[in-house]
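Residue numbers (my numbering): 288 to 403.
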């Protein structure tokens, strides 16, 4: 059974950067490169929302509030996806999740806290 493990979260100050990783586990998941992959986040007391997606060919799309600050990328050979976050704001504080856009199962997420 394939699982997606998020990592790289932490506590940073406004204006700083973080890079999140999303690694797919399970050697049987040989079709990783064919999936659209997405990052999502859930801020305290709010619903989980979509942040960014990347297609198998590398086409990207971003939620308006992160466009220009966040960069999604993937390494299909490593079955890993990344989210480079620049100029972080307090409103970026959330638990960040990753998964193929067609999947319904969520992982544990990684916590990002932006605070001075």
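Don't be surprised by glycine CBs; every beta carbon is placed ideally from N, CA and C.
Buried or exposed (CB count within 10 angstroms, at least 16 for buried), residue i
i: residue 336; result: exposed
i: residue 346; result: exposed
i: residue 387; result: buried
i: residue 366; result: buried
Euclidean distance between Cα positions of residue i and residue j
i: residue 382; j: residue 396; result: 6 Å
i: residue 384; j: residue 341; result: 14 Å
i: residue 344; j: residue 377; result: 32 Å
i: residue 371; j: residue 289; result: 24 Å
i: residue 363; j: residue 380; result: 28 Å
i: residue 331; j: residue 398; result: 11 Å
Counterpart residues of residue i in DSSP-defined beta bridges
i: residue 289; result: Paired residues: none, contrary to the question.
i: residue 329; result: 335 and 382
i: residue 376; result: According to DSSP, which records beta bridges pairwise, residue 376 is partnered with nothing at all.
DSSP three-state assignment for residue i, whether helix, strand or coil
i: residue 340; result: strand
i: residue 365; result: helix
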